[in-house]
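Position 122 (the sequence shown) corresponds to 123 in our numbering; numbering is contiguous. Quick notes on the structure that follows.
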Amino acid sequence: MNTNFPFVGPFLSTLTLLDVQPQESGHYSVVVTNAYGSATSCFATLTVYSNLLTGIKRSSNGIVTVSIAGLPNSTNCVFAATNLSPPIFWQLLFTSNNIPPNGIWQFIDTNAPAYPTRFYRFSTP
Numbered sequence: 002m003n004t005n006f007p008f009v010g011p012f013l014s015t016l017t018l019l020d021v022q023p024q025e026s027g028h029y030s031v032v033v034t035n036a037y038g039s040a041t042s043c044f045a046t047l048t049v050y051s052n053l054l055t056g057i058k059r060s061s062n063g064i065v066t067v068s069i070a071g072l073p074n075s076t077n078c079v080f081a082a083t084n085l086s087p088p089i090f091w092q093l094l095f096t097s098n099n100i101p102p103n104g105i106w107q108f109i110d111t112n113a114p115a116y117p118t119r120f121y122r123f124s125t126p
């Protein structure tokens, strides 16, 4: 992440960073300047987590088991779509509020046999 980029013009009080990666986690501050001087913020901590797909298995009966390494003690959601052509319609399949402390969990899609193709997406809201 480029940590030295100027913004010009009026801005809101929120900064949105797109496509940040786990290696960009760290402590950041903001320096705001204008014709009257400058002000430096306190450090803010940016922590970036990513759900890691550790395995996916389709059994002979068509049931799919997905193994995930996520953020411990977090809420995680599983979505599915039948194709990836826009517009993509992601259907919420599962929400868990009790991911174990080690972050390792599985989702078993017992409805997968009804679909010839299915794509999965995971999120931590």
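From the three backbone atoms N, C-alpha and C, an ideal C-beta is built for every residue, glycine too. Source: prediction; values computed, not measured.
Taking Asn74 as the centre and dropping the five residues before and after it, the same chain places the C-beta of Ile100, Pro102 closer than 7 angstroms to its C-beta, in chain order. Cβ-Cβ separation between Asn77 and Ser97: approximately 5 angstroms, consistent with a contact (criterion under 8 angstroms). Gln107 is positioned such that its CB atom lies no closer than 7 angstroms to that of Ser60. Under DSSP, Thr66 forms a beta bridge with Lys58, Ile109. Sequence-distant partners of Asp110 (beyond 5 residues in either direction) whose C-beta falls short of 6 angstroms from its own C-beta, in its chain, are Val65. Spanning the alpha carbons of Ser124 and Val79 requires a straight line of approximately 7 angstroms. In the three-state reduction of the DSSP assignment, Gln22 falls in the coil class. Ala81 sits in a strand when the DSSP states are folded into three classes. Using a Cβ distance threshold of 7 angstroms, Phe95 and Ala82 do not count as a contacting pair. Looking at the backbone, the Cα of Thr55 and that of Ser26 are separated by about 22 angstroms.
As a beta-bridge residue in DSSP terms, Thr34 pairs with Ser39. Linking Gln22 to Ser42 through their CA atoms gives a straight-line distance of about 23 angstroms.
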